[in-house]
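There are 2 protein chains.
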Amino acid sequence: MKFLQLTLFLMFAQAVYAEDGSRLWLRYQENSSRAEVICKHKITPTIAVAKQELESNWKGRKIYLQILSSKKTSPHPDDSFSIISKANEIVISSISEVGLLYGAYHLLRLQETAQLTDNVNISETPKYNLRILNHWDNLDGTVERGYAGGSLWQWNELPENLSPRYRQYARANASIGINGTVVNNVNASPNILTTHYLQKVKALADVFRPYGIKIYISVNFSSPAIIGGLPTSDPLNSETIAWWHSKVAEIYTIIPDFGGFLVKANSEGQPGPQDFGRTHADGANMLAAALKKHGGIVMWRAFVYNPTAGDRAKQAFDEFTPLDGLFADNVIVQVKNGPIDFQPREPFNPLFGGLKKTLIMPELQITQEYLGQSKHLVFLAPMWQDFFESDTYCNGQGSLIKTITTNQKINAIAGVANIGEDANWCGSHFAQANWYAFGRMAWNPNLTAEQIADEWLAQTFIPDKNFTSPATDIMLQSWEACINYMMPLGLHHLFAWEHHYGPQPWCDIPDAREDWLPKYYHRADSAGLGFDRTTSGSNAVAQYHSPLREQFDDIKTCPEKYALWFHHLKWNDTLYTESAQKSSCYFENGSESAPQNFTLWEALCYHYNYGVAQVRQMQKTWQQCGQMIDTERFVRVQSGLKTQARDAMWWRDACLLYFQTFSKQQIPFNMEQPVYELEDLKKINLGNGSLN
Amino acid sequence: MKFLQLTLFLMFAQAVYAEDGSRLWLRYQENSSRAEVICKHKITPTIAVAKQELESNWKGRKIYLQILSSKKTSPHPDDSFSIISKANEIVISSISEVGLLYGAYHLLRLQETAQLTDNVNISETPKYNLRILNHWDNLDGTVERGYAGGSLWQWNELPENLSPRYRQYARANASIGINGTVVNNVNASPNILTTHYLQKVKALADVFRPYGIKIYISVNFSSPAIIGGLPTSDPLNSETIAWWHSKVAEIYTIIPDFGGFLVKANSEGQPGPQDFGRTHADGANMLAAALKKHGGIVMWRAFVYNPTAGDRAKQAFDEFTPLDGLFADNVIVQVKNGPIDFQPREPFNPLFGGLKKTLIMPELQITQEYLGQSKHLVFLAPMWQDFFESDTYCNGQGSLIKTITTNQKINAIAGVANIGEDANWCGSHFAQANWYAFGRMAWNPNLTAEQIADEWLAQTFIPDKNFTSPATDIMLQSWEACINYMMPLGLHHLFAWEHHYGPQPWCDIPDAREDWLPKYYHRADSAGLGFDRTTSGSNAVAQYHSPLREQFDDIKTCPEKYALWFHHLKWNDTLYTESAQKSSCYFENGSESAPQNFTLWEALCYHYNYGVAQVRQMQKTWQQCGQMIDTERFVRVQSGLKTQARDAMWWRDACLLYFQTFSKQQIPFNMEQPVYELEDLKKINLGNGSLN
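Heads up: the protein sequence lines correspond to chains A and B, in order. Quick note: the first sequence uses the working numbering, first residue 1, plus one each step. Quick note: the second sequence uses the working numbering, first residue 1, plus one each step.
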């Protein structure tokens, strides 16, 4: 009987949660009786959340929640907290309520990752004050570049009906320190500013508020004309100005702690101040003036490029640097990490270090638009770590991006969300790690990808080194693997038209914008491959500070990983030089030293093949460690890796066989050979987003 | 100008022959002036061919063609010849005209393969007297199990119009010693025996005759009833007997050197003597009697199995051994190499050594019905070498199949042709090697697969060791590779329904004959895998002579390659034993010694993965050596190997993932993991014969 009862209990326990990823990294075992949590402060909604999380999930000593008095004033709440243990208790203290909440989640994280020690003495302060998700969610329920189902926001049901997932979403964000969300697409519908929709946004804001999350919205620059009925949306027109002031006042009436606007203007067909002969600064400052008195900000995107101008990689810099110093003090320019568009690997955007008298915030892409979407396991923290650590040299050596963007009057960072209405939120289990990593790095860009992978794995799966250590290997290897099988050596934008999933380096769409075609970027010809951005080419290198510009300009000193980003190399150019960074791909066959002489063509073949081998290694490692976790998630990830392994071969063959039509050279016989025919790969209807 | 002329000449020279394989292994550079060839004998059509081939293509000393007088009489011409060099001449001599022709082709082969030495002293006698192709060509122009287009025979245009390819076909066969051809399918249309069709057959016989090739036909046992209008085809009925005697007489009037009949009776729905309560011997002897006075023979197939009887592997033996000694002396029983049906690997058919008082001839399958058809590069000579060398122990140790089948009154061998109307004859370049190898081994089963591969490559491509040596490696490895990725360890018949190209171990067709379904053969269940043919199972082992029957019966002594042919093993049975044959697959990771303990499941995973690795190695090797030959054939073979590499992964994943549903074990993590999902593979419409 005992045995039967136990069996039934275990069956039931298993049945409680489908292992569909819906619990994210928040898998606390609830206490049978509540933990002791004492707070002498008034139990506000935010403190109530902190208290309830600890009472339900904390397994240790008595906890005191303590609000410290502070003389500090800040336009943004101070999220710092400290956790100090005493003999029989632990004290979490902060000057803010949300600081207590972050402290609570921090303590629970230590517990879940088995990092708790007897003596705790922690003091945490976030490096970025504004840690914001950008949702590219449309009002019709679709998500641009979303791979996890439709939009989480049920606009049709709001404001009356509140999905329980809104609160779960807020909780997940709070648990990793995210404190802002832009709920609608940067390609914004003007309708978001109607009272009808503002009421819906308010309903979300009310759910998010206890979790310390502010709401922001993306606005369409032509809103005054489109929904206001004005004859113009010229930012210097007094009617336009009045309309925005009035609209902003309305918003703050509805949502008193509203965060501000995100604006994509004069980019990819969106309206903007240039339509009226005004500058980005004119446009941004006009909106900023309306928001200023309410404490709101404008995040103005620098993602602009003109179909008729020169090298796309140069354009944001060329447009924005002349405006440096002209932006209002509540305008922050939001800049993508690289100068093109979230490619598998880009050098950092030279606006970092280029804008010196302008507030600037990084925009990272959590959704894997260009990195296998929700199908490929690609952990992005190594890419972001690389980005944060990049030295711009704008104030001499040591002017790291993470340093210069966290020492401003407003320190902010945005991540384009990968969240949808799918049960597991992100379309695949490991995609959740990128949401997690964004939050953690926004809090502290000094965290390493390895630390983040390890703690995410421990919380999401099991806190056992036998699992987390090999699984961390998979995650840390995954970005370089993706680069290798997709576009190594500085290649970029070889993606299929529109959906950006598979390879289409041959893509040629009649009448398409030249800079929307892969050929614009790879520039393959009978001589060689790559985009010449040196001083003899587009001179994009000049946008970087010395000594970077000279390093990038000279193939002898340019890092191998950026070779074809900055150079058009000849097929038989010897790629490896003493100063070039060695790539592990050359060691695949177990040789201790990289070959000293190989050509661009050979290096390309090496890298693509190494990418395939890396995915196969990821499969093997998962096969080994994944068996320690639940079958449901093990098999789901195993299946995803199969797709990735097939896709890696697809990418390799598509790119190598296409470039071979220019190089006229054979694939070196000492490496694995293609298995597809170029002509067959060209016939794939990429509309369905998959090879098979 | 000189340069331009040379260039134009080279362009022209290239344009003369499309490298489509149409020239087979016969790529002599024609002499600008004729070589000196002297023959004092009357220039018969056969001698004319020999003389012309040498005059056009021989690059050496003066040649004498010499017919030797002989007292020998034989129902079959003696094809022996000798080649002896003198200071200023070479003498080819034979007692027969066709012997001179074989001598001429032999000498040219030595020339083309760069094997000629100053002193030539060669004496050649074929081991099999009758070296026969079996065409499974239907009168409607289709070819059963043909993968090289339709039938070579243009029945609609015969006898008036003679395709030039008939002569080319005869020449190719003569060049490798083939001296007989059964022109129609063993599943025979009775119409072949009508005067209308016999006139067409005669036209072919007339073309083939100068090349020493006799015509045979497959006959339908019910022909007397179907085309003769008789009430019965009972072989003991006097009217039936009279009809056949009359029909045979008619044939010999039309084709005086007609070879005889091939009969598939009481097999897979074909009519036969058992329909009338008579035995195979009754039926065969009746036909033999009609042919006897004309010098014709009956080749009676032993490929019989009954849907309701026991183990299919046992049935031919059980049906034919009771008739041993009852067949007429011009009946020869034609036996497939293995007891099932041309599987990638089978142990030899126990009728070899089982029939002791009956003429018996091997039937090999040149067309790769079960070995990737014309798409996979699989060189069959290693399989045939293995077969010829098999020791039946019927007269004690040393009773090799090649010995016992070449020491009879009639020594014959048949190969099911892979020839069709495609320009390159066989559907792919390397498939031609199997036609070639069959002819060479039928002449001399002591030739090794390596020798044959090497000389075929030298003639078909280039006689350069830098090419032939690695290409020979590919060919010699290909059979084991195919076994490994399709059905290692003695597995058999996991093929898809009907077309036999892809994997379908799960195949289940309602109301299908049980012995036409893979499950009948692999017998996978939760306990293990394989067909128990031991003394505790179907006892098929008892059909072999000692000590084979004991060896096969005991898993400790049964060769690993036949493990699942003879045993149903448990998934966790330790497979490797001291006496089991080691497979190179276990050394994939470069370890010097095979692991000492692995289970059936692990061994299966090793083998399937090794098969994939072997195909990739074949690709690499081809990439290296293939660049020495013309681009057209290099690329065509390269493309075929890509298909094979994809298919190998398909086979691996289909079989391992299917068997995994029984074994419930994971693929070992130290090997490459599957890239497909079983459910997706099950959905493949195998009707189109390909994965992609």
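Even glycine gets a Cβ: it sits at the ideal position worked out from N, Cα and C.
Burial check for glycine 398 of chain A: the Cβ neighbour count within 10 Å stays below 16, so the residue is exposed. Per the C-alpha coordinates, the member of A:Ile629, A:Asp79, A:Ile47 and A:Arg616 positioned closest to asparagine 444 of chain A is A:Asp79. In this structure, the straight-line span from the alpha carbon of glutamate 19 of chain A to that of cysteine 655 of chain A is close to 37 Å. Among the bridge pairs identified by DSSP, leucine 65 of chain B is matched with B:Cys39 and B:Ile92. Look at the segment 660 to 676 of chain A: the residues with a C-beta under 9 Å from a C-beta of chain B are Gln666, Ile667, Pro668, Phe669, Asn670, Met671, Glu672, Gln673, Pro674, Val675 and Tyr676.
Those residues of the segment 636 to 662 of chain A placed with their C-beta closer than 7 Å to a C-beta in chain B are Ser639, Lys642, Ala645 and Arg646, ordered along the chain. For methionine 628 of chain A, there is no enclosing beta strand (DSSP E), since its DSSP letter is neither H nor E. Here the alpha carbon of lysine 465 of chain B sits roughly 20 Å from the alpha carbon of proline 382 of chain B.
In terms of CA proximity to alanine 265 of chain A, A:Asn187 leads the group A:Ala114, A:Asn187 and A:His522. Listed along chain B are Phe669, Asn670, Met671, Glu672 and Gln673, each with a C-beta nearer than 8 Å to that of lysine 620 of chain A. A residue is called buried once 16 or more other Cβ atoms fall within 10 Å of its Cβ, and alanine 249 of chain B, having fewer, is exposed. With fewer than 16 other CB atoms across the displayed protein chains lying within 10 angstroms of its CB, glycine 229 of chain A is exposed. Listed in chain order, the non-local C-beta contacts of threonine 534 of chain B below 7 Å within the same chain comprise Val541, Asp553, Phe566 and His567, local neighbours out to five positions each way being set aside. If you look at arginine 167 of chain B, you'll find it in the alpha helix (DSSP H) that goes 164 to 175. Around glutamine 624 of chain A, the beta-carbon contacts reaching into chain B at under 7 Å are Phe669. Under the Cβ criterion (8 Å, minimum of three pairs), the segment 492 to 509 of chain A counts as touching the segment 641 to 656 of chain A.
Residues of chain A with a Cβ closer than 8 Å to the Cβ of glutamine 627 of chain B are, in chain order, Gln666. What arginine 633 of chain B touches in chain A, judged by beta-carbon distance under 7 Å, is nothing: the nearest beta carbon there is about 15 Å away.
Sequence-distant Cβ neighbours of proline 344 of chain A in its own chain, meaning closer than 7 Å and more than five residues away, are Tyr370, Leu371, Cys482, Ile483, Met486 and Met487. Leucine 130 of chain B sits in a strand when the DSSP states are folded into three classes. With a threshold of 7 Å between beta carbons, arginine 209 of chain A makes no contact with chain B. The Cβ atoms of serine 22 of chain A and asparagine 424 of chain A sit closer than 7 Å to each other. Put simply, the backbone Cα of serine 538 of chain B is about 31 Å away from that of glutamine 373 of chain B. Looking at B:Leu162, B:Gly325, B:Gly180 and B:Ile297, the one whose alpha-carbon comes closest to that of alanine 203 of chain B is B:Leu162. Per DSSP, reduced to three states, the secondary structure at tryptophan 300 of chain B is strand.
Counting only unbroken stretches of 4 or more residues, the alpha helix (DSSP H) elements lying wholly within the segment 593 to 675 of chain A are 600 to 625 and 631 to 663, in sequence order. Taking a cut-off of 8 Å for Cβ pairs, the segment 210 to 220 of chain A and the segment 39 to 55 of chain A touch, as three or more such pairs fall below it. If you check each beta-carbon in the segment 599 to 617 of chain B against every beta-carbon of chain A, the ones closer than 8 Å belong to Arg616. For isoleucine 84 of chain A, the uninterrupted beta strand (DSSP E) segment begins and ends at 81 to 85.
A buried status is given to asparagine 179 of chain B, since no fewer than 16 other beta-carbon atoms sit within 10 Å of its beta-carbon. Check the Cα spacing between phenylalanine 352 of chain A and each of A:Glu602, A:Leu326, A:Ile38 and A:Gln334: the tightest is with A:Gln334. Beta-bridge annotation (DSSP): leucine 107 of chain B is not paired with any residue.
Here leucine 529 of chain A carries a strand assignment [DSSP, helix/strand/coil].
Around the C-beta of glutamate 498 of chain B, fewer than 16 other C-beta atoms lie within 10 Å, and the residue is accordingly described as exposed.
Here threonine 117 of chain A is exposed. Its C-beta has fewer than 16 other C-beta atoms within 10 Å.
For the pair cysteine 605 of chain B and isoleucine 684 of chain B, the CB atoms are not nearer than the 7 Å cut-off.
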